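Residue 46 is where the sequence shown starts when you use this note's numbering, and the numbers rise one by one after that. For every residue, glycine included, the Cβ atom is placed at its ideal position computed from N, Cα and C. Please read these numbers as outputs of a predicted model, since none were measured by experiment. Presented below is the structure to which this report refers.
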Amino acid sequence: MKKVLVLGAGLVARPLVRHLLEVPEIEVTVASRTVSKAEKLIDGHPDGTAIPLDVKDDEALRKLVAEHDLTISLLPYIHHEQVARHCLEYGKDLINTSYVQPALQAMSDEVERAGLLFLNECGLDPGIDHMAAMKIIDEVRKQGGKVTGFRSYCGGLPAPEHNDNPLGYKFSWSPSGVLLAGRNAAKYLEDGKLVDIPGEELFDHHWEMTIGDLELEAYPNRDSMPYQELYGLDDATTMFRGTLRYPGWSVMMRNLVKIGYLTDEVHEEMSGKTYRDLIAGLAGVPGEDLEAELADSLGIAADSETMKRFEWLGLLTDRPLDPDSPLKPIEQLGSLMVDQMAYKEGEKDMVVQHHEFDIEVDGRKELRTSTLFDFGVPHGDSSMSRTVSLPAAMAAKLMVQGRIAAKGVKIPVEPEIYEPILTELETLGIEFVEKTTSR
46 MKKVLVLGAG
56 LVARPLVRHL
66 LEVPEIEVTV
76 ASRTVSKAEK
86 LIDGHPDGTA
96 IPLDVKDDEA
106 LRKLVAEHDL
116 TISLLPYIHH
126 EQVARHCLEY
136 GKDLINTSYV
146 QPALQAMSDE
156 VERAGLLFLN
166 ECGLDPGIDH
176 MAAMKIIDEV
186 RKQGGKVTGF
196 RSYCGGLPAP
206 EHNDNPLGYK
216 FSWSPSGVLL
226 AGRNAAKYLE
236 DGKLVDIPGE
246 ELFDHHWEMT
256 IGDLELEAYP
266 NRDSMPYQEL
276 YGLDDATTMF
286 RGTLRYPGWS
296 VMMRNLVKIG
306 YLTDEVHEEM
316 SGKTYRDLIA
326 GLAGVPGEDL
336 EAELADSLGI
346 AADSETMKRF
356 EWLGLLTDRP
366 LDPDSPLKPI
376 EQLGSLMVDQ
386 MAYKEGEKDM
396 VVQHHEFDIE
406 VDGRKELRTS
416 TLFDFGVPHG
426 DSSMSRTVSL
436 PAAMAAKLMV
446 QGRIAAKGVK
456 IPVEPEIYEP
466 ILTELETLGI
476 EFVEKTTSR
């Protein structure tokens, strides 16, 4: 039996744990600060063990890593380096679903010399996006063609029938990740021109697009440029990775950025105050006629959709600030969002991923698209939890079975990794539809 350690029992963990427990040759240990969450995931399975772990207890973490053949970290990214160093110390393979951190990338030669594989970015985005992209890129190469442009979009959204709030978005867990991502700078290549966007201007760059029957909007996602080399797209004059939302999100977020809601500066002067006080203070307006003053400071109409969204969310109300959250604008905003924008029991989420390839092959120009729509199960697993965690579970299975030869710090862009994972995802209904049209 191979022993797999899963660190973290959060909302994406269940599909991964249940999938691994279906593999006869794998024993699974789930370690969580809240052991009851781990026990719920194991659900009495004879090949599963739930144990308490606080990752601040470095010695306990080290001991657990040493006792297992493979570690899957579903912890926040700030812990990945700590986990990786223990895996390297004890000669253990590692999987996570997060972007490769510079500290981990710096370990690559050492990891490779040790005969280990640290597989990063093995979730949804990043993860499935790499796999679906490389499948087509490698097919085009085999045909003797080349990819001259690549655009990739992904978003986790409420299913259309449950898209019923003014912001067009809902949360299954803490909004902090979504809000923090709103501060990221972005970089991409468009028709040979490098576009560099500072974090504070991210939401100034958005556009609407139709995918299937859905009207959505897209905005840039981080730095797309490293993937030009990782995907081997030397001929590409366009290289873009973007995030999808329902229309209206970017305008609202742009105005939240202008006000200062995505900052994490502590405002002790707001102790005991209200959300109305906070937005007036951040915007630097007296607050005597707040709605008019705020709209004027933002250069928008007092009856604009953005102001209506602010009102609906509760930013303009006399509701007291959350005493259980730090007095930081981003934390107080997140507290309101998770309260107002949570999925209700039985509601479904949706994952949309869409890739566009400009292709030249045999003297022809083509546009090839690859599109995934996946929906959560009412009263069951969300689409986000399935699409984030199942690729990692499938990779773990391949690794303990010795079916991946790659060593070092990697992402899933090699056929021995992405082909079996995409094939198995299809058996679970997580499948891309591909179309080709002439240009």
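Within the DSSP secondary-structure output, Val49 pairs in a beta bridge with Val73, Leu115. Going by DSSP, Cys199 is part of the beta strand (DSSP E) stretching over 191 to 203. Within the stretch 133 to 188, the runs of alpha helix (DSSP H) that reach at least 4 residues and sit entirely inside it are, in chain order, 147 to 150, 153 to 158, 173 to 187. Judged by pairs of C-beta atoms under 8 Å, the stretch 243 to 259 touches the stretch 288 to 308, as three or more such pairs exist.
Taking 7 Å as the cut-off, the beta carbon of Pro265 is found closer than this to the beta carbon of Gly287. Spatial neighbours of Asp268 in its own chain (CB-CB distance under 6 Å, excluding positions within 5 residues in sequence) are listed in chain order as Lys232.
Within the stretch 265 to 299, the runs of beta strand (DSSP E) that reach at least 3 residues and sit entirely inside it are, in chain order, 283 to 290.
Residue nearest to Pro460 within the set Val302, Arg364, Tyr276, His424 is Tyr276 (criterion: CA-CA distance). By the Cβ test, the stretch 375 to 385 is not in contact with the stretch 345 to 354, since fewer than three Cβ pairs between them sit closer than 8 Å.
Put simply, the backbone Cα of Arg413 is about 43 Å away from that of Ala83. Taking C-beta separations shorter than 8 Å and ignoring five residues to either side along the sequence, the partners of Leu115 in its chain run Lys47, Lys48, Val49, Leu50, Lys137, Asp138, Leu139, Ile140, Ala441, Met444, Val445, following chain order.
Beta-bridge partners assigned by DSSP to Gln398: Cys199, Leu417.
Distance between Lys318 and Lys389, taken at the CA atoms: about 29 Å. Ranked by Cα distance from Ile404, the options Phe195, Gly93, Gly160 are led by Phe195. Nearest neighbour of Pro371 by Cα position, chosen from Ala204, Ser316, Gly222, turns out to be Ser316. Across the structure, Asp407 and Met284 are spaced so that their CA atoms are roughly 22 Å apart. Closest in C-alpha terms to Val223, from the list Ser483, Ile87, Ala204, Asp170, comes Asp170. Closest by C-alpha distance to Leu360, out of Trp218, Asp279, Gly344, Asp384, is Asp384. In the structure shown, Arg107 falls within a helical segment according to DSSP collapsed to helix, strand and coil. Met152 and Tyr214 have their C-alpha atoms spaced approximately 38 Å apart.
With fewer than 16 other beta carbons inside 10 angstroms of its own, Lys101 counts as exposed.
Between Arg78 and Asp99, the C-beta spacing is below 7 Å. For Met254, the pairing in a beta bridge is given by DSSP as Leu261.
Under the three-state reduction of DSSP output, Val406 falls in the strand class.
Of the candidates Ala346, Val433, Gly326, the residue whose Cα lies closest to the Cα of Glu314 is Gly326. Beta-bridge analysis with DSSP links Tyr320 to no other residue. Under DSSP, Ile96 forms a beta bridge with Ala76. Thr482 sits exposed, since fewer than 16 C-beta atoms from the chains shown fall within 10 Å of its C-beta.
A distance below 8 Å between beta-carbons, with the five flanking residues on each side excluded, links Thr94 to the following residues of its chain, in chain order: Glu72, Val73, Thr74, Val75, Ile87.
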